[in-house]
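Chains as they are written, first to last, in the numbering used here: chain A, 97 to 291; chain B, 16 to 210.
In this text, a Cβ means the ideal position worked out from N, Cα and C, and glycines have one as well.
Please read the structure below before turning to the comments.
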Amino acid sequence: MQWHDWLALFGQYLLLSLLSISGAITTVPDMHRYLVAQHGWLTDAQFSSSVAIAQAAPGPNVLFVALMGWNVGLNAGGGIGAGPGAWLLGLFGLMVTMVGIMLPSTTLTYLATRWGHRNRDRRGVRAFKQGMAPVVVGLLIATGWVLAAGNHAGDAPAWHLWLLTAAAALIVWRTRLHLLWLLGAGALLGAVGFV
Amino acid sequence: MHPSPSGAAAPLPPQPKSPRDLFVSFTWLALQGFGGVLAIVQREMVEKKRWLTPEQFLEDWAVAQVMPGPNVINLALMIGDRYFGLRGAVAAVAGMLAIPLVVILVLAVLYAHYAANPQVAAALRGMGAVSGGLIAATGIKLIPQLRKHPLGFATCLAFVALVFGAIALFKMPLGWVLLAVGGVACAWTWRRIPA
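This is how it looks when you write it as structure tokens:
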């Protein structure tokens with residue numbers, strides 16, 4: 097990657113930060129389009145494993161962005177086996193994507209929350225809050241779809257992956273089972289060769 | 016710990032002692048949050064520490080969700096800001112991110128070490144399929160709330176389907192979809208709600 101590639105990556109994340117209404121997770125489809133489909137900086141497997149590891153690990157889910165940056169840097173440095181240079185590049189990539197995704201949104205939130213709180217009865221504020229609701233719902237469902245579809249590398253029609261996704265969605269929707277059990281079950285089903 | 020019964024004066028509402036207290040509290044909170052932190056935030060901030068009343072939590076959460084950026088990060092930012100201004104906001108957000116970031120990097124390195132193992136790759140594929148389901152279910156769970164929407168349930172569902180189709184099926188850039196569909200939805204809502 098050239099310096100202008102890093103700059104473009106940073107710019108893309110600055111932009112996505114402002115677009116990440118209802119959480120960074122709703123920008124996942126766009127990150128996939130940019131990193132995997134358009135530039136080939138990440139493989140499909142690296143992309144979905146970044147999200148899956150962040151979901152399984154403690155902490156806010158936005159950390160998947162850090163892993164994407166880390167992987168972009170590692171790839172640019174020749175892979176994790178290439179030594180300290182690649183690791184440093186990985187950390188650099190992590191900084192680029194994390195600062196990019198955090199800086200605009202936190203600054204805006206910091207400035208806007210006081211204003212919004214004072215003006216929460218204004219028609220425009222209410223229209224924005226309520227008007228975005230169906231859009232946010234559609235984005236979340238689309239994000240789940242894009243993530244699930246990203247697992248289908250190769251040309252095997254993996255109906256059991258879709259089955260697993262649908263079953264997980266159904267259980268989360270209808271029960272209060274801890275999410276960690278579901279992720280564990282997914283890992284187990286994978287390890288024994290079901291998916 | 017039990018509150019001392021001897022002091023009869025009305026107790027002050029509990030609040031963080033210092034930015035350092037915020038940092039430690041949010042670190043601890045983030046490290047408990049496997050598969051998402053929101054449920055933990057509610058339990059720690061409202062039920063255990065009681066820095067927020069349930070009403071405050073709901074109101075803050077609505078704003079955190081409407082603002083761009085990760086929701087729980089926005090929430091931490093708002094809580095930190097309320098008690099110690101910018102310093103508090105930075106302390107709370109840093110608490111959310113710093114230690115979990117180290118944990119997730121360790122996990123990613125471990126994963127990379129074992130990624131060649133087909134069972135590990137398959138386990139992660141299984142987890143990826145599950146996390147797609149988790150996120151889709153988060154969206155599905157919000158659908159009933161659209162029943163009370165000023166645009167009416169059917170119109171809302173049409174917006175959900177439109178966003179889903181544009182992002183998941185036609186892979187359109189997020190910014191344009193938000194601008195076009197979100198813009199129409201907000202403007203339409205504005206006309207429907209009382210001034």
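Spell out whether any CB of chain A is found under 8 Å from the CB atom of residue i.
i	result
Q47 (chain B)	yes
S19 (chain B)	Confidence at S19 (chain B) is low in this model, with a pLDDT of 46, below 50, so its placement is unreliable and the value that follows should be read with caution. No, its Cβ sits nowhere closer than 8 Å to a Cβ of chain A.
W66 (chain B)	no
V87 (chain B)	yes
P28 (chain B)	no
G103 (chain B)	no
G167 (chain B)	no
Y126 (chain B)	yes
Excluding the 5 residues flanking residue i on each side, which residues of the same chain have their C-beta closer than 7 Å to its C-beta?
i	result
D96 (chain B)	G103 and A104
G212 (chain A)	V221
F188 (chain A)	G169
Q30 (chain B)	W66 and Y98
P147 (chain A)	Inspection of the sequence shows that residue 147 (chain A) is occupied by Val rather than by Pro. Same-chain partners within the cutoff: V124, F160 and L243.
V192 (chain B)	V178, A181 and I182
C171 (chain B)	L161 and H164
G48 (chain B)	I55
N167 (chain A)	L138, Q142 and S146
Report yes or no: is there a C-beta of chain B within less than 8 Å of the C-beta of residue i?
i	result
R214 (chain A)	no
L275 (chain A)	yes
F224 (chain A)	yes
P230 (chain A)	yes
P154 (chain A)	yes
A148 (chain A)	yes
N171 (chain A)	no
Q134 (chain A)	no
A104 (chain A)	no
Y109 (chain A)	no
G220 (chain A)	yes
A178 (chain A)	no
W99 (chain A)	no
T139 (chain A)	no
D126 (chain A)	yes
W269 (chain A)	yes
W255 (chain A)	no
Measuring straight from C-alpha to C-alpha, what distance separates residue i and residue j?
i	j	result
E74 (chain B)	Q80 (chain B)	10 Å
L204 (chain A)	R214 (chain A)	16 Å
G165 (chain A)	G186 (chain A)	7 Å
S21 (chain B)	L37 (chain B)	Here S21 (chain B) scores only 47 on pLDDT, less than 50, and its place in the model should not be relied on; the value that follows carries that caveat. Approximately 28 Å, taken between the alpha carbons.
A113 (chain B)	G280 (chain A)	25 Å
R207 (chain B)	A172 (chain A)	51 Å
A109 (chain B)	L116 (chain B)	10 Å
A152 (chain A)	G148 (chain B)	14 Å
F143 (chain A)	I237 (chain A)	18 Å
V145 (chain B)	T239 (chain A)	13 Å
W255 (chain A)	A245 (chain A)	11 Å
L276 (chain A)	A210 (chain B)	45 Å
L138 (chain A)	P28 (chain B)	49 Å
M142 (chain B)	T204 (chain B)	38 Å
P133 (chain B)	S33 (chain B)	48 Å
N120 (chain B)	L101 (chain B)	Correcting the residue identity first, residue 120 (chain B) is Leu in this sequence and not Asn. L120 (chain B) and L101 (chain B): Cα-Cα distance of roughly 28 Å.
R218 (chain A)	L266 (chain A)	38 Å
A141 (chain A)	V132 (chain A)	10 Å
L273 (chain A)	Q98 (chain A)	46 Å
H248 (chain A)	A152 (chain B)	20 Å
V196 (chain B)	P159 (chain B)	20 Å
I150 (chain B)	G174 (chain A)	33 Å
L260 (chain A)	V78 (chain B)	34 Å
Looking only at its chain, what residues have a beta carbon closer than 6 Å to the beta carbon of residue i, apart from the 5 residues adjacent to it on each side?
i	result
Y109 (chain A)	T193, G196 and I197
M213 (chain B)	With chain B running from 16 to 210 in the structure shown, residue 213 (chain B) is simply not present.
A264 (chain A)	L278
W76 (chain B)	none
Going by the beta-carbon positions, is the gap between residue i and residue j smaller than 8 Å?
i	j	result
V61 (chain B)	L44 (chain B)	no
V291 (chain A)	L284 (chain A)	no
D126 (chain A)	L103 (chain A)	no
L2 (chain B)	I149 (chain A)	Nothing in the structure corresponds to residue 2 (chain B), since chain B is present only between 16 and 210.
S116 (chain A)	G167 (chain B)	no
L114 (chain A)	S201 (chain A)	yes
A127 (chain B)	I176 (chain A)	yes
M93 (chain B)	P156 (chain A)	no
M82 (chain B)	T271 (chain A)	no
V118 (chain B)	P154 (chain A)	yes
G154 (chain B)	V233 (chain A)	yes
P230 (chain A)	F174 (chain B)	yes
Does the ligand ATP have even one heavy atom less than 7 Å from the beta-carbon of residue i?
i	result
L116 (chain B)	Ligands in the displayed structure: none, and consequently the ligand ATP is not present.
Can you name, in chain order, every residue of its own chain whose Cβ lies under 8 Å from the Cβ of residue i, other than the five neighbours on each side?
i	result
V268 (chain A)	L275 and L278
R35 (chain B)	A106
L189 (chain B)	I182
Any chance the segment 219-231 of chain A sits against the segment 188-202 of chain B, with 3 or more Cβ pairs inside 8 Å?
Result yes; three or more Cβ-Cβ pairs closer than 8 Å.
Cβ pair count under 8 Å reaching 3, the segment 118-128 of chain A against the segment 80-94 of chain B:
The segment 118-128 of chain A makes contact with the segment 80-94 of chain B; the number of CB pairs closer than 8 Å reaches 3 or more.
Please determine if the segment 135-146 of chain B and the segment 64-74 of chain B are in contact, where contact requires at least 3 C-beta pairs separated by less than 8 Å.
The segment 64-74 of chain B and the segment 135-146 of chain B do not touch, with fewer than three beta-carbon pairs separated by less than 8 Å.
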